[in-house]
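Here's the structure we're looking at; comments come further down.
Residue numbers (the numbering used here): 1 to 248.
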């Protein structure tokens, strides 16, 4: 997922992007940081602005393809620069000010068609909450239930457990152990398992995990490990039989 945050210089883009990236465990690219290294050969001509946007878009797509949420904040003042960046999954316009500190940027600014327009009157923390709630993003600081398993394959028993997990917290993470090839019962890759989970359940937050075989804790650590009884019929579901039925 790519979240692009644009607006005039001084509007508060970077403040929003920094906190949002922390709350969503995202990779954050700030245009000034990128200009100081990767784009230090570029100035602020219209052509250079377009090239800066293109490079930032390329960076964002590379990290997004690896499964990371990517937050990019920069002015991106014109339709041409936005086209050069590419279409993000979410476009946020921070419209707190009507004029920035650079006259040339003010003169070329074109209003975008944004998915969310943030105007003056909110604190940065309130803006972050607005973004998270508007786009149903996972907030890494909210109470969350973890399901951990091999899921070879994901079936109705796992789905029933997921529904119980949502009774505990509003957010659920499905952690998939990376076990492909470790036994004859583990033929599926993480990607195959994750795709099946996303297709069959409402949980989009699927995370690749190591082949965790033990969970230990000492003193009270602020969470609990809970076994949920789903009934004999559900517990009797055989993953081996499911693989045979699915031809896996």
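Cβ coordinates follow ideal geometry from the N, Cα and C atoms, glycine included. Everything numeric in this text was worked out from a predicted model, so none of it was measured.
Relative to the Cα of residue 118, the nearest Cα in the group 15, 93 and 158 belongs to 93. Apart from the 5 residues on each side of it in sequence, residue 88 sits with its Cβ closer than 6 Å to the Cβ of 2 and 4 in its chain, given in chain order. Counted as a single uninterrupted DSSP element, the alpha helix (DSSP H) harbouring residue 159 occupies residues 156-168.
Here residue 80 has 50 as same chain residues with Cβ atoms under 6 Å from its own Cβ, once five neighbours each way along the sequence are excluded. Taking the Cα positions, residue 66 is about 22 Å away from residue 171. Selection 134, 142 and 224 evaluated against residue 25 yields 142 as nearest (Cα-Cα). In the pairwise beta carbon analysis, the region 227-246 is classified as not touching the region 198-218: fewer than three pairs are separated by under 8 Å. The DSSP-derived three-state label of residue 22 is helix.
Contact check between the region 212-224 and the region 128-141: fewer than three CB pairs, one atom from each, fall below 8 Å, which does not count as touching. For residue 92, the three-state secondary structure derived from DSSP is strand.
The shortest C-alpha to C-alpha distance from residue 15 to any of 159, 128 and 246 is the one to 128.
Counting C-beta pairs closer than 8 Å gives three or more between the region 182-192 and the region 143-159, which meets the contact rule. The Cβ atoms of residue 207 and residue 175 sit closer than 7 Å to each other.
Within the same chain, and ignoring the five residues on either side of residue 78 in sequence, the residues whose Cβ sits closer than 8 Å to its Cβ are 46, 49, 108, 109 and 110.
For the pair of segments examined, the region 34-43 was found to touch the region 51-59: the number of CB pairs separated by less than 8 Å reaches three. CA-to-CA, the gap between residue 115 and residue 103 works out to about 26 Å.
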